[in-house]
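To keep things clear, I will list the structure first and then write my remarks on it.
Numbering (the working numbering), first residue to last: 108 to 454.
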């Protein structure tokens, strides 16, 4: 596995928009303030040509131009890391124009983003044996003040923090809008994780512990990639079978039946061989129940047969705050209802 050099003081942060660009509020003002904060910290910045565009369908520009932007960034030595400008809808369409062979041949570079950015944060390790960070996009760094999770994400890029701990509360309803683009998270809900071993719910004082190589992202995107020419998960799992895989997942647009169907699809594509455990973030449909099916039954109904630890309602994904995870790294996980610790190892 290839690990980039960490972002050093005075280094250059690049901003790419392979999904949405920061062309409308509240993202534009969030991006502006994020750049201001990075400059105050002493970093140099480089915006990609699509970073403020909104000319594409579900992405910032045409798939060709979005792919070219990434190719240029990864081939160039003038940036030390890349942060995505946003998530979106159709980043999958740029993949035919991304030069993954060139990415493998050039020095490794950090890339951070989430949601639609799973198209890259997942494929960098599985296709290029290069880690990426599943973490916040650029406008989140414009909030005032930074939440601990945002500071954690930045310290992952600088290498100052590789041991992450879960947070106490989460945001059910955001107060961010066009008139209030920089408001921090509205943390109204207490974090309560549910931990299972197989299909058995563990008691509050009975933690689960497991280790393996982190792999995953947004389930909406993962099931889109499954079975395509970009699906090299079986090869990846075989290369790292001695480590085993810790799958982390969260979801955006999927309802509880979609989640169950998506997991069924991934299982029948062979993705869960050599699994050591699962981490599920709070889905955007948190609390939904349809025809007697809730998130827990949706997940356990497919995955309990693997008889490995399953952590539900983790700090991950579209209901912030989210722990920034280095996809492709080794990790030791310990979790119970009251706390969670992820120790990432660059091996």
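Cβ coordinates follow ideal geometry from the N, Cα and C atoms, glycine included.
Residue i in three-state terms, based on DSSP
i	result
residue 144	helix
residue 232	helix
residue 341	helix
residue 102	This structure leaves residue 102 out entirely; the chain is present only between 108 and 454.
residue 174	helix
residue 402	helix
residue 327	helix
residue 450	strand
residue 383	strand
residue 298	coil
residue 364	helix
residue 138	helix
residue 150	coil
residue 438	strand
Beta-carbon proximity check, residue i vs residue j, cutoff 9 angstroms
i	j	result
residue 413	residue 202	no
residue 359	residue 330	no
residue 161	residue 128	yes
residue 405	residue 372	no
residue 294	residue 254	yes
residue 168	residue 157	yes
residue 428	residue 241	no
residue 264	residue 188	yes
8 angstroms Cβ shell around residue i - same chain, five flanking residues per side excluded
i	result
residue 270	448, 449, 450, 451
residue 145	120, 152, 248
Sequence-distant residues of its chain with Cβ nearer than 7 angstroms to residue i (five each side left out)
i	result
residue 381	344, 348, 351, 352
residue 165	195, 196, 197
residue 268	259, 262
Own chain residues within Cβ distance below 6 angstroms of residue i, not counting five before or after
i	result
residue 111	215, 216, 217
residue 323	354, 355, 356
residue 386	355, 418, 421
Buried or exposed by the 16-neighbour rule on C-beta atoms within 10 Å, applied to residue i
i	result
residue 136	buried
residue 279	exposed
residue 316	exposed
residue 246	buried
residue 453	exposed
residue 175	buried
residue 209	exposed
residue 364	exposed
Near the ligand NAD: residue i beta-carbon under 8 angstroms from a heavy atom
i	result
residue 258	As for the ligand NAD, it is missing from this structure, which has no ligand bound.
Which parts of the segment 219–295 are runs of the alpha helix (DSSP H), unbroken and 4 residues or longer, counting only runs that do not cross its ends? DSSP runs (the alpha helix (DSSP H)) wholly in the segment 219–295: 225–228, 230–235, 255–265.
Runs of 4 residues minimum, wholly inside the segment 171–214: which ones carry the alpha helix (DSSP H) assignment?
DSSP assignment within the segment 171–214 yields the following whole alpha helix (DSSP H) runs of 4 residues or more, N-terminal first: 207–212.
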